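Numbering (the working numbering), first residue to last: 384 to 816. Reviewing the structure listed below.
Right, dumping it as structure tokens:
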């Protein structure tokens, strides 16, 4: 396993995040056929697939539009695809030969859209030096295979709780809980008023899995940042790990303690958007940039902040942070030149600033120099500067089945149909499979 380099943050130019639309993710399908230019008149066209979790304009859609404005001879057909089935969809399309020319992927092997297994299967085209130069030091195994880079990193994502401190204050919670006791007290107070501290899309596997990963930051990786390397070496298992047992027990405790909204086990992504925008819930485990999107539908006083999940008693705050979104080119595309030009453009300053503005995610080529003091990231600035974070676990797990077992397992814990031991055993079986 390779951990992300912990880069110190310089508090320089102030850059606040505008509350303008577009993220939770981005999605889709499409097919690349025809010649490289699309015709003898110099015009070019290609298709672009990305995952999406709602009907708002994705930041990837915004990037495509900006590129076409800058290059009037180019036509991009965008194909947003639902996030909950995105990995299965693009793999099926790649196998069938009708995938888009450009596709959104993720680093590593632990997700269904993970670029390493897709590259091993021959589905992705090697990228150039620009993409290679953007790969965070130490994370090369998540982006590269046999010396070639197969995904252009887009972001630096924080996996923690996106919390509306405005909603918290309106309900008598003046500060984010920092201990288990404070957490349960806040949950009890909110539940008494028919509200919840956290909102979970229990029926959506990606959110169920991200919730567990976010909690594992303090229960597993704060104590053993190299836990994934230990698991890969066979020195431990999920079933043997007290940290993973504590992670899943925490989910049960949150559910039984009234910390989650009623009906969490059957909720979809809309429960998160509505709960946070309407003030019926305070926070959720969602990608850090999602706060920008949800803020567009919420009152100005929401005051979203990225907050670390409270550490276990005696523990220290810890979060997960790494590049989580990449852009790749379909190896079967007949429009690789046009696609490559677009992927190269994504590394430009204008494209990175637009991505930051529309997604709220820290841009991969700019994040280390930003002053985040007055942004949604202000509560985790010190953790980032101190290196108190680990790479998103599923990025370094050996295959998508491990994360799928975690997602299904969390859903089973919420419905009472699985035990902690069953979930961890299933994750171990998936690891070995």
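Glycine included, C-beta positions come from ideal geometry on N, C-alpha and C. These numbers were taken from a predicted model, which means no experiment stands behind them.
Candidates the options, of which the one nearest residue i by Cα
i           : options               : result
residue 763 : 653, 688 and 632      : 688
residue 733 : 429, 449 and 521      : 449
residue 517 : 480, 706, 768 and 715 : 706
residue 575 : 641, 539, 515 and 592 : 641
residue 756 : 720, 768, 676 and 804 : 768
residue 770 : 605, 499 and 502      : 605
residue 519 : 746, 636 and 759      : 746
residue 817 : 748, 737, 620 and 601 : The question about residue 817 has no answer here: the residues shown for the chain are numbered 384 through 816.
residue 560 : 690, 784 and 440      : 690
residue 525 : 531, 499, 616 and 727 : 499
residue 684 : 708, 695 and 659      : 659
residue 633 : 522, 802 and 426      : 802
residue 748 : 731, 555 and 471      : 731
residue 346 : 758, 725, 485 and 443 : Residue coverage of the chain in this structure runs from 384 to 816, which leaves residue 346 outside it and unanswerable.
residue 643 : 573, 490, 441 and 776 : 573
residue 486 : 521, 453 and 430      : 430
residue 787 : 434, 680, 766 and 812 : 812
residue 696 : 759, 629 and 751      : 629
residue 426 : 451, 790 and 555      : 451
residue 663 : 609, 736, 708 and 552 : 552
residue 778 : 428, 471 and 488      : 488
residue 614 : 790, 791 and 785      : 785
residue 714 : 481, 624, 556 and 611 : 481
residue 635 : 792, 521 and 729      : 792
residue 607 : 774, 434, 816 and 790 : 774
Cβ-based burial, residue i [other Cβ within 10 Å; buried from 16]
i           : result
residue 638 : buried
residue 578 : buried
residue 455 : exposed
residue 772 : buried
residue 473 : buried
residue 494 : buried
residue 700 : buried
residue 720 : exposed
residue 718 : buried
residue 645 : exposed
residue 512 : exposed
residue 810 : buried
residue 558 : exposed
residue 661 : exposed
residue 502 : buried
residue 648 : buried
residue 415 : Only weak support is given to the placement of residue 415: the predicted model assigns it a pLDDT of 40, under 50, and the question is left unresolved by the model.
residue 441 : buried
residue 603 : buried
residue 752 : exposed
residue 400 : Residue placement at residue 400 is flagged as unreliable, the pLDDT there being 30, under the threshold of 50; a coordinate-derived value is accordingly withheld.
residue 483 : buried
residue 676 : buried
residue 800 : exposed
residue 428 : buried
residue 555 : exposed
residue 470 : buried
residue 761 : exposed
residue 616 : exposed
Rounded distance between the beta-carbons of residue j and residue i, thought under 8 Å
i           : j           : result
residue 376 : residue 562 : For the chain, the structure presents residues 384 to 816; residue 376 sits outside this window and is missing.
residue 597 : residue 703 : 7 Å
residue 492 : residue 814 : That belief does not hold up - the Cβ atoms of residue 492 and residue 814 are roughly 11 Å apart, past 8 Å.
residue 436 : residue 466 : 5 Å
residue 665 : residue 550 : 5 Å
residue 464 : residue 432 : 6 Å
residue 723 : residue 710 : Not quite, the Cβ-Cβ distance comes to about 11 Å (not below 8 Å), so this is no contact.
residue 581 : residue 667 : 6 Å
residue 592 : residue 783 : Not quite, the Cβ-Cβ distance comes to about 11 Å (not below 8 Å), so this is no contact.
residue 510 : residue 726 : 7 Å
residue 490 : residue 611 : So it is not a contact: roughly 14 Å between Cβ atoms.
Closer than 8 Å to chain B by CB, residue i
i           : result
residue 803 : Among the protein chains of the structure shown there is no chain B, as only one such chain exists.
Any non-hydrogen atom of the ligand NAD within 7 Å of residue i CB
i           : result
residue 728 : Ligands displayed in this structure: none; no statement on the ligand NAD is therefore possible.
Review point. Curious, which full-length beta strand (DSSP E) runs of at least 3 residues does the stretch 488-575 contain?
Key: 538-542 and 544-547
Review point. Quick one: any contact between the stretch 565-573 and the stretch 534-544, if contact means 3 or more CB pairs under 8 Å?
Key: no
Review point. Contact between the stretch 462-478 and the stretch 494-510: three or more CB pairs below 8 Å?
Key: yes
Exercise for review: Mind the definition here: the stretch 538-558 touches the stretch 735-753 only if three or more C-beta pairs lie below 8 Å; say whether that holds.
Suggested key: Judged by Cβ distances under 8 Å, the stretch 538-558 makes contact with the stretch 735-753, as three or more pairs qualify.
Practice item. Flag this pair as touching only if the stretch 782-796 and the stretch 806-813 have three or more C-beta atom pairs under 8 Å; answer yes or no. Key: yes
Check your understanding: Is the stretch 541-557 close to the stretch 664-679, with three or more CB pairs under 8 Å?
Key -> Judged by pairs of C-beta atoms under 8 Å, the stretch 541-557 touches the stretch 664-679, as three or more such pairs exist.
Review point. So, do the stretch 648-655 and the stretch 578-589 have three or more beta carbon pairs nearer to each other than 8 Å?
Key: yes
Point to revise | Every unbroken beta strand (DSSP E) inside the stretch 745-805 [3 residues or more] | key: none
Practice item. Only counting runs of 3 or more residues, tell me where the beta strand (DSSP E) segments fall wholly within the stretch 680-749, in order along the chain. Key: Fully enclosed beta strand (DSSP E) runs of 3 or longer: 687-690, 702-705 and 709-713.
Exercise for review: Scan the stretch 595-662 and note each continuous alpha helix (DSSP H) run of 4 residues or more that stays entirely inside, going in chain order.
Suggested key: 610-615, 625-639 and 652-661
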